[in-house]
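What follows is a short report on a single structure.
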Amino acid sequence: MWQVLKQKYHLRVKRDQVMNLLRGLNPQGCERRARRRFIRRTYHSMGPNYMWHVDGYDKLKPFGLALSGCIDGFSRKVLWLVCGPTNNDPTVIAHYFLSCVRNLGVTPMRLRTDCGTENGTMAAIQCTLRHHHNDYYSGASSHMAHPQKTRGLSPGGPYSEREDLRDAGYFNGSHEHQCLLRYCFADVIQRDLDECVRLWNNHSIRPSRTASCPGGVPNELYYLPHRFDSRDCGFNIEQSELDAFPEAHLTRVPCGDPNMQEYLDFAMEHNHLRKPEYWQSSN
11 MWQVLKQKYH LRVKRDQVMN LLRGLNPQGC ERRARRRFIR RTYHSMGPNY MWHVDGYDKL
71 KPFGLALSGC IDGFSRKVLW LVCGPTNNDP TVIAHYFLSC VRNLGVTPMR LRTDCGTENG
131 TMAAIQCTLR HHHNDYYSGA SSHMAHPQKT RGLSPGGPYS EREDLRDAGY FNGSHEHQCL
191 LRYCFADVIQ RDLDECVRLW NNHSIRPSRT ASCPGGVPNE LYYLPHRFDS RDCGFNIEQS
251 ELDAFPEAHL TRVPCGDPNM QEYLDFAMEH NHLRKPEYWQ SSN
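Reminder that position 37 of the sequence shown reads as 47 in this note's numbering, one-by-one numbering, no gaps.
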């Protein structure tokens, strides 16, 4: 109604005044519309490792770069944030999950993802590690805690450099160009992501109105839950249990293509070039 008054009748009225008039003129209609509005549910978590949320970031895929991340729902600690050739391969996602479980020594009580097929192998591994319980959940992305939406972890800075290459005509989106871009930038971007994760996990978070989880520093919330009247909900995992999964021994090719990787390594050695250490020097 406010837009109609403004655009059709050229009346400049404050939004609050329009809302108050509508409540007086048509209270039943306002009540019906209010019942259909989106109501955010309160997020509950018993403690660290109660639920992990896994999701991907796809906006860099036109450049051959795909991000995968995982966040602990209670502490909001980022458990992994990895840049690679793909985040659609179930084997790759399972490898990220197993590497995280190996480093932490625990598997979560529950694992939450969207309904993408890339999460199937990881879900099967989680159910195998905890075969006595119902511990995997999939659903709409709107019901998840998104690692890529965590403030301060959204791509920026060096990521906009990829668009500059495309706009200048140096990148055409071909397989060869994507491999070359990954070869030059993947390690640089990963170091930047690691630094973002380190800063995020050591900064203070305010309590959320839509979550029952306390505020604090993610690392403290994760490793010292007793200070916040909580407990670690994870289940200890022996390293030998993880060795049984072939995804745990996956060899990653940074370039994404073994043949292109071999050719680019040869070109680097033949021309006495070095891998860039900063994104400015990788152009």
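Ideal Cβ positions, reconstructed from N, Cα and C, are used throughout, including at glycine.
Give me whichever residues DSSP pairs with residue i in a beta bridge.
i: residue 245; result: 117
i: residue 215; result: 226
i: residue 261; result: Answer is none; residue 261 lacks a bridge partner.
i: residue 101; result: Its beta-bridge partners do not exist; DSSP assigns none.
Buried or exposed for residue i, going by 16 or more other Cβ atoms inside 10 Å?
i: residue 119; result: buried
i: residue 133; result: buried
i: residue 257; result: buried
i: residue 84; result: buried
i: residue 196; result: buried
i: residue 58; result: buried
i: residue 117; result: buried
i: residue 61; result: buried
i: residue 206; result: buried
i: residue 240; result: buried
i: residue 41; result: exposed
i: residue 105; result: buried
i: residue 178; result: exposed
i: residue 107; result: buried
i: residue 308; result: In this structure the chain extends from 11 to 293, so residue 308 is not present and cannot be described.
Under the assumption that residue i contacts residue j (Cβ atoms under 8 Å), give the Cβ distance between them as a whole number of angstroms.
i: residue 201; j: residue 94; result: Not quite, the Cβ-Cβ distance comes to about 14 Å (not below 8 Å), so this is no contact.
i: residue 101; j: residue 138; result: The Cβ separation is near 15 Å, so there is no contact.
i: residue 321; j: residue 32; result: Look at the range of the chain in this structure, 11 to 293, and you will see that residue 321 is not part of it.
i: residue 99; j: residue 79; result: At roughly 16 Å, the Cβ-Cβ gap does not stay under 8 Å, so residue 99 and residue 79 are not in contact.
i: residue 112; j: residue 63; result: Between residue 63 and residue 112 the Cβ distance is about 19 Å, and since that is not below 8 Å, they are no contact.
i: residue 260; j: residue 74; result: Between residue 74 and residue 260 the Cβ distance is about 19 Å, and since that is not below 8 Å, they are no contact.
i: residue 82; j: residue 89; result: 6 Å
i: residue 246; j: residue 115; result: 6 Å
i: residue 193; j: residue 265; result: 5 Å
From what residue to what residue does the beta strand (DSSP E) around residue i run?
i: residue 77; result: 76-82
Report the three-state DSSP secondary structure of residue i (helix, strand or coil).
i: residue 1; result: Residue coverage of the chain in this structure runs from 11 to 293, which leaves residue 1 outside it and unanswerable.
i: residue 221; result: strand
i: residue 61; result: strand
i: residue 273; result: helix
i: residue 46; result: coil
i: residue 161; result: Bear in mind that the predicted position of residue 161 carries a pLDDT of just 46, short of 50, making it unreliable; the figure below should be weighed with that in mind. Coil at residue 161, not helix or strand.
i: residue 284; result: coil
i: residue 52; result: coil
i: residue 192; result: helix
i: residue 208; result: helix
i: residue 122; result: strand
i: residue 266; result: coil
i: residue 22; result: coil
i: residue 250; result: helix
i: residue 107; result: helix
i: residue 234; result: coil
Can you tell me where the alpha helix (DSSP H) with residue i in it begins and where it stops?
i: residue 26; result: 25-35
i: residue 94; result: Segment 88-94 is the beta strand (DSSP E) holding residue 94; no alpha helix (DSSP H) there.
i: residue 180; result: Where residue 180 is concerned, there is no enclosing alpha helix (DSSP H), given that its DSSP letter is neither H nor E.
i: residue 71; result: No alpha helix (DSSP H) contains residue 71, which DSSP labels as neither H nor E.
i: residue 16; result: 12-17
i: residue 138; result: 130-139
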